[in-house]
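In our numbering, the protein residues as written are 212 to 447.
Given below as structure tokens:
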């Protein structure tokens with residue numbers, strides 16, 4: 212009995228609030244709590260919009276070394292930047308069998324042998340012969356000025372033989388300088404593609420006496436059986 216009384220006394224001392232009337236506390240409003248825990252739909256949409264929008268990266272200014280540049284200039288382009296090279300050309304008559312053709316030929320005394328492109332030889336239907344590993348064809352080259360001036364030549368057939376001269380058109384003032392001459396090629400100042408080359412083996416038949424030196428930036432002229440060949444650089 213004494214122990215029970217003491218235990219009840221201790222319980223009453225430990226919980227003094229138990230005797231007070233119990234006050235009912237309403238739980239916090241969910242609406243108010245969600246206002247602190249959740250973002251409003253407006254703020255969520257704005258944040259998602261910010262995350263969905265890709266970030267724009269401003270272009271970084273490139274340095275001079277990073278800028279795209281073209282290929283470096285070649286020596287030929289530098290040499291012909293202020294002047295244009297003219298190669299000696301002539302309009303010739305090429306006889307092969309019973310056929311005759313008027314062609315534009317390049318005179319190149321530095322070439323060991325005369326040559327013709329394989330495509331032009333096939334177009335002219337020139338009969339080809341095999342000499343070792345090379346293919347050649349026989350032909351007769353004649354002058355358009357004097358039909359009696361002609362010589363036989365052995366042409367080496369070369370694939371992809373195409374030479375363009377000059378690289379750019381020249382002014383009519385260059386052409387007028389040679390107005391009093393019978394030219395081997397009246398259109399030497401206009402770019403042309405050539406597939407027939409007369410080399411050193413034809414030099415003794417081509418060149419004749421007569422020479423006009425270059426002056427005032429104009430090309431020179433050499434007398435040949437085809438007429439006067441104009442060549443050298445032109446800075447006009």
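All C-beta atoms, glycine included, are put in the ideal place defined by N, C-alpha and C.
Quick caveat: nothing in here was measured; it's all calculated off a predicted structure.
Reference residue i; option with closest CA among the options
i: residue 331; options: 415, 313, 344 and 357; result: 313
i: residue 300; options: 413, 376 and 414; result: 376
i: residue 404; options: 373, 359, 362 and 353; result: 373
i: residue 295; options: 400, 426, 422 and 394; result: 400
i: residue 359; options: 443, 416 and 434; result: 416
i: residue 386; options: 432, 303, 345 and 420; result: 432
i: residue 420; options: 428, 344 and 435; result: 435
i: residue 393; options: 354, 344 and 402; result: 354
i: residue 391; options: 371, 439 and 345; result: 439
Per DSSP, the bridge partner or partners of residue i
i: residue 474; result: Outside the displayed span of the chain (212 to 447) sits residue 474, for which this structure offers no information.
i: residue 296; result: 444
i: residue 307; result: 310
i: residue 353; result: 304 and 361
i: residue 345; result: 342
i: residue 321; result: Answer is none; residue 321 lacks a bridge partner.
Test item: CB-CB of residue i and residue j under 8 Å
i: residue 307; j: residue 350; result: yes
i: residue 347; j: residue 366; result: yes
i: residue 413; j: residue 364; result: yes
i: residue 441; j: residue 322; result: no
i: residue 430; j: residue 297; result: yes
i: residue 361; j: residue 369; result: no
i: residue 437; j: residue 395; result: yes
i: residue 304; j: residue 311; result: yes
i: residue 406; j: residue 428; result: no
Distance between beta carbons of residue j and residue i, contact taken as under 8 Å
i: residue 325; j: residue 410; result: 5 Å
i: residue 317; j: residue 302; result: Going by Cβ atoms, the distance from residue 317 to residue 302 rounds to 11 Å, so no, they are not a contact pair.
(message) Check whether the stretch 319-333 and the stretch 378-385 are in contact - that is, three or more C-beta pairs closer than 8 Å.
(response) no
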